[in-house]
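Visitor:
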Amino acid sequence: MPHEVKAVVAREKKAPVSVETIIVPDPGPGEAVVAIQACGVCHTDLHYREGGINDDYPFLLGHEAAGIVEEVGAGVTGLEPGDFVILNWRAVCGQCRACNRGRPQYCFNTHNATQKMTLTDGTELSPALGIGAFAEKTLVAAGQCTKVDPAAGAAVAGLLGCGVMAGIGAAINTGGVTRGDSVAVFGCGGVGDAAIAGARLAGAEKIIAVDLSDRKLEWARDFGATHTVNSGSTDPIEAIRELTGGNGADVVIDAVGRPETYEQAFYARDLAGTVVLVGVPTPEMRIDLPLLDVFGRGGALKSSWYGDCLPSRDFPMLINLYLQGRLDLGRFVTEKVGLNDVEEAFAKMHRGDVLRSVVVF
Ligand SMILES: [Zn+2]
Ligand SMILES: [Zn+2]
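Per the UniProt record's numbering, residue 1 is the first one in the sequence shown, and the count goes up by one each step.
1. According to the neighbour-count rule (16 or more other Cβ atoms, all chains shown, within 10 Å of its Cβ), is Ala151 buried or exposed?
2. For the beta strand (DSSP E) holding Asn230, just list the boundary residues, first then last.
3. Using only the heavy atoms of ligand 3, determine whether one of them is closer than 7 Å to the beta carbon of Gly187.
4. Could you round the C-beta distance between Val210 and Ser231 to whole angstroms and report it? I think they count as a contact, below 8 Å.
5. In chain order, what residues of the same chain have a beta carbon less than 6 Å from the beta carbon of Thr174, not counting five sequence neighbours either side?
6. Shortest alpha-carbon distance to Glu260 belongs to which of Arg286, Glu31, Cys162, His111?
7. So, for Ser312: in the same chain, excluding its five sequence neighbours on each side, which residues have a beta-carbon less than 7 Å away from its beta-carbon?
8. Would you say Leu125 and Leu60 are within 8 Å of each other, going by their C-beta atoms?
9. Could you tell me which residues DSSP pairs with Asp254 in its beta bridges?
10. Suppose you measure from the CA of Gly82 to the CA of Phe295; what does that come to, to the nearest Å?
11. Can you check the region 27–83 for any alpha helix (DSSP H) of at least 4 residues that lies completely inside it and give the ranges in chain order?
12. As an exercise, report each continuous beta strand (DSSP E) stretch of at least 3 residues that is fully enclosed by the region 98–150, in chain order.
13. In three-state terms, what does DSSP make of Asp270?
14. Whose CA, out of Trp219, Gln37, Gly176, Asp181, lies closest to the CA of Leu339?
15. If the criterion is Cβ atoms closer than 8 Å, does the pair Val5 and Glu136 meet it?
16. Using only CA atoms, which one of Ile240, Ala155, Glu71, Gly352 lies nearest to Ser213?
17. Rounded to a whole number of angstroms, what is the C-alpha to C-alpha distance between Ala268 and Phe315?
18. Contact defined as beta carbons within less than 8 Å: I believe Cys42 pairs with His63. What is the distance between those atoms, to the nearest angstrom?
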């Protein structure tokens, strides 16, 4: 029997979201229906509402979620009703050239559920990032579900499904931060703070946080920044060089994704160091760097897509480190709100008042 549930829908460009009744079909082959317990409010949800991703309205928003598997479709193995799971954007295929070479974290042929969820009049919904979890229940591909220890609690666990994983992964997977490294992070919102937490987890000795907001720099300290630089009043390149014996940081992470911050990150890096771009640029942005500097300074310029994470490998590990008290995921949850509060949560996020508002069911 298809389920009728409440969900947050963006019906048209830039219009406030509304809570609607939607229809979630029974899971087909390879699919699962998940009863959502918590879902974080992310900039990407607002970006969908604003028409910044595409125009496939109506969108079913929400994508940083954890919950309990309710039903699985034919052919699903390794997942059953009652399992506590974190949802991810991308079920890996196991067959593409990346998967075949043993690098499923780069899978080039990821998939979501085949069936569509709809409004009660039959209008098909576009789920945000293939998830759509501001909903009492949602339909996903079974491979989008990763089982983790339920002791973590849903509000904390769900955040690993997107921004927090992107930040931690930018440091530990893409940046390869290791013991003794110096690390600088530009932009101290959810993703940047997660990169700071990841750098600390990996054993970085010096972690330099850069932002325009003193309040965000305070948050960064709470996550493990050893030094902070307000780039509104101080040249961040000079400051980072000064804090690293005149050399620059071993790994510099740009969690903003603007040409200005990228160029600063490029020159704030030590010779043979690594720049990681995890902030998401817009289509019109361009960079202009002397190619001789790209060559002469050596090292690596990398992009981090979803923190180069492999959910089946990274989610359970990070949840276990959280449960051991070694990764403070709870600090990302600024407030818990209801399904009717998403629009207000967007406003708070836009003002920079919160790291994450989390909708709990
Ligand atoms: Zn997100
Ligand atoms: Zn693949």
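For glycine and all other residues, C-beta sits at the position ideal for the given N, C-alpha and C.
Guide: According to the data block:
1. Residue environment analysis places Ala151 among the exposed positions, since fewer than 16 neighbouring C-beta atoms fall within 10 angstroms of its C-beta.
2. Segment 227–230, the beta strand (DSSP E) holding Asn230.
3. As presented, the structure is devoid of ligand 3, carrying ligand 1 and ligand 2 as its sole ligands.
4. Indeed they touch by this definition, with Cβ atoms about 5 Å apart.
5. So the list reads Val276, Lys302, Ser304, Asp308, once near-sequence residues are dropped.
6. The residue from Arg286, Glu31, Cys162, His111 with its alpha-carbon nearest to that of Glu260 is Arg286.
7. Once the five neighbours on either side are set aside, the close Cβ partners of Ser312 are Thr146.
8. Remark: C-beta atoms of Leu125 and Leu60 approach each other more closely than 8 Å.
9. Note: Asp254 is bridge-paired with Phe186, Leu277 in the DSSP secondary-structure output.
10. One C-alpha to the other measures close to 53 Å.
11. Counting only runs of 4 or more, we get 43–49.
12. Counting only runs of 3 or more, we get 137–141, 145–147.
13. It is a strand residue.
14. Among Trp219, Gln37, Gly176, Asp181, the Cα nearest to that of Leu339 is on Gln37.
15. Going by C-beta atoms, Val5 is nearer than 8 Å to Glu136.
16. With distances taken between CA atoms, Ser213 lies nearest to Gly352 out of Ile240, Ala155, Glu71, Gly352.
17. Between Ala268 and Phe315, the C-alpha separation is close to 31 Å.
18. Sure, about 7 Å apart at Cβ, within 8 Å.
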